[in-house]
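Chemist: Numbering (the numbering used here), first residue to last: 1297 to 1794.
Each residue gets a CB set at the ideal place from its N, CA and C atoms; glycine is no exception.
Remember, it's a predicted structure, so these values are computed and weren't measured experimentally.
Here it is, the structure, as structure tokens.
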């Protein structure tokens, strides 16, 4: 998909929209019963989204008879009522894509004009809203179209594509008849194209953009139709401006596990560090561990009992790092520290063992000691003891400098540049009110200022700006007074292509 990486300017504060409801007055203490004939008059409202610049919003209306999608101007009178339509995705601030009657529609919000596409078509737009990307994944067909000029490019055999706003273009992965191809295309007149020189006899496993659009990283499997080969695959790095490609053969390094092979995994993706200097990739044993039927010996403190223990320890994917400029390789995870938060920085990763406390208390299944791993020398230092790995309990600043985590109902902070711990004043949660049970509501990090000197957190009602220098938290909205809930919404452009 084409996605706008959120910046503070693109982060929109979305207030819970209150729709007026007329209620007939009844004598005090007497309620009129609701009959089945009136069920269709009751609607459930659900906010669907808001356009990039906040000019349009959408919501869905549900009742017993039908579902309706409504798209309306925020500061204007235009409104589109679309029965049995949805979901909707805004493309920039002037287009919206939605599904209706099994077809995909593109709505030009300013004029009301519509285009209809075949089912399964993905629509996306670039940052400056000048180029439309039309992708039919099932047909492997990609069309690039200028919205201002009569200029387009149609490509066939495309398996997937990736957009990078810094490069102002896309890269495509194509395959056919046992060969693979990577192309880099700029979204400008004539659609200038470059071919990445990759081996034709290897499958491209993953593809990733450099954050600044300067290069590509990709992984490839062993040679096709090769049997019993020690080849583990290749990690590739393509410098776009120099048109040069470099490769790492992990099997040729001294510390790469000899029985491993490069893989793709839903939870361990190929990734650049934020500064683009390092590439992280996943690998695992070629042959998974299976039950041999031979009696096994297992320890009483093993976190997984009987046959699960050898399978768990042997089959877990592992993460390694490569710096193309220095050609430095480092294995990030291993059986002792099998899990990691990586891609945070070129200087460190966070590694941990999720089974550390598994047998001590069944309620601590997601509790672990988290270590800061120095990616220059591989040293590990304890950072957080008994960290409860719950959703939203860890947050890293965009550059990777600050690490925030929730512990004992308070947010803590570590500055990786100054190697200094601190805390975000947990007392401000009480100012923001309590929930209906009388318990304080923990704030949730929502975003950072561009200079990373402060983080935005949302409480039960309001948004807070919390400085990294220890200054008192600042409440920047006033939702508590009138019961309104404020949240930060990251503007996203494009439809996900699955």
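Pull up the distance between the alpha-carbon of residue 1424 and that of residue 1707, whole angstroms please.
Modeler: 38 angstroms
Chemist: Would you report the Cα separation of residue 1530 and residue 1616, rounded to the nearest angstrom?
Modeler: 13 angstroms
Chemist: Kindly identify the DSSP beta-bridge partner or partners of residue 1677.
Modeler: When DSSP reads this structure, residue 1677 sits in a beta bridge with 1668.
Chemist: Using the Cα positions of residue 1776 and residue 1755, report the straight-line distance between them to the nearest angstrom.
Modeler: 10 angstroms
Chemist: Where do the ends of the beta strand (DSSP E) carrying residue 1343 lie?
Modeler: From DSSP, the beta strand (DSSP E) with residue 1343 extends over 1340-1346.
Chemist: Name the two residues that bound the continuous beta strand (DSSP E) containing residue 1420.
Modeler: Its beta strand (DSSP E) spans residues 1417-1421.
Chemist: Which of helix, strand or coil does DSSP assign to residue 1383?
Modeler: strand
Chemist: Measure from the alpha carbon of residue 1413 to the alpha carbon of each residue in 1400, 1421, 1715 and 1652, then state which is nearest.
Modeler: 1400
Chemist: With a threshold of 6 angstroms on Cβ separation, who are the neighbours of residue 1771 within its own chain once the five nearest residues in sequence on each side are excluded?
Modeler: 1758 and 1760
Chemist: Please name the residue in 1387, 1482, 1397 and 1463 whose C-alpha comes closest to that of residue 1381.
Modeler: 1397
Chemist: Would you say residue 1670 and residue 1644 are within 9 angstroms of each other, going by their C-beta atoms?
Modeler: yes
Chemist: What number of angstroms, rounded off, separates the C-alpha of residue 1684 from the C-alpha of residue 1662?
Modeler: For residue 1684 and residue 1662, the gap between their C-alpha atoms comes out near 6 angstroms.
Chemist: Find the nearest neighbour of residue 1349 within the set 1373, 1390 and 1326, judged by alpha-carbon distance.
Modeler: 1390
Chemist: Determine the closest residue to residue 1388 out of 1404, 1373 and 1379, with distance taken between C-alpha atoms.
Modeler: Selection 1404, 1373 and 1379 evaluated against residue 1388 yields 1404 as nearest (Cα-Cα).
Chemist: Going by DSSP, what residues sit across from residue 1709 in a beta bridge?
Modeler: 1700 and 1718
Chemist: Nearest-angstrom Cα distance between residue 1727 and residue 1363?
Modeler: Only weak support exists for where residue 1727 lies, its pLDDT of 49 falling under 50; the value from the coordinates is given anyway. Rounded to whole angstroms, residue 1727 to residue 1363 spans 40 angstroms at the Cα level.
Chemist: With 16 other CB atoms within 10 Å as the buried threshold, where does residue 1563 fall?
Modeler: exposed
Chemist: Under DSSP, the beta strand (DSSP E) around residue 1615 begins and ends at which residues?
Modeler: 1614-1619
Chemist: In terms of residue numbering, what span does the beta strand (DSSP E) encompassing residue 1363 cover?
Modeler: 1363-1369
Chemist: Hey, how far is the Cα of residue 1800 from the Cα of residue 1447?
Modeler: Since the first and last residues shown for the chain are 1297 and 1794, residue 1800 lies out of range.
Chemist: Could you check how far apart the C-beta atoms of residue 1476 and residue 1466 are, in whole angstroms? I think they sit under 8 angstroms.
Modeler: Contact doesn't hold; Cβ gap of about 17 angstroms is too wide.
Chemist: When you compare the CB positions of residue 1502 and residue 1566, do they come within less than 9 angstroms of one another, or not?
Modeler: Yes, the pair counts as a contact, with Cβ atoms nearer than the cut-off.
Chemist: Given a threshold of 16 other Cβ atoms within 10 Å of its Cβ, counted over all protein chains shown, does residue 1732 qualify as buried or as exposed?
Modeler: Unreliable placement is indicated for residue 1732, whose pLDDT of 39 sits below 50; no coordinate value is reported for it.
Chemist: Nearest by alpha-carbon distance to residue 1571: which of 1695, 1430 and 1386 is it?
Modeler: 1695
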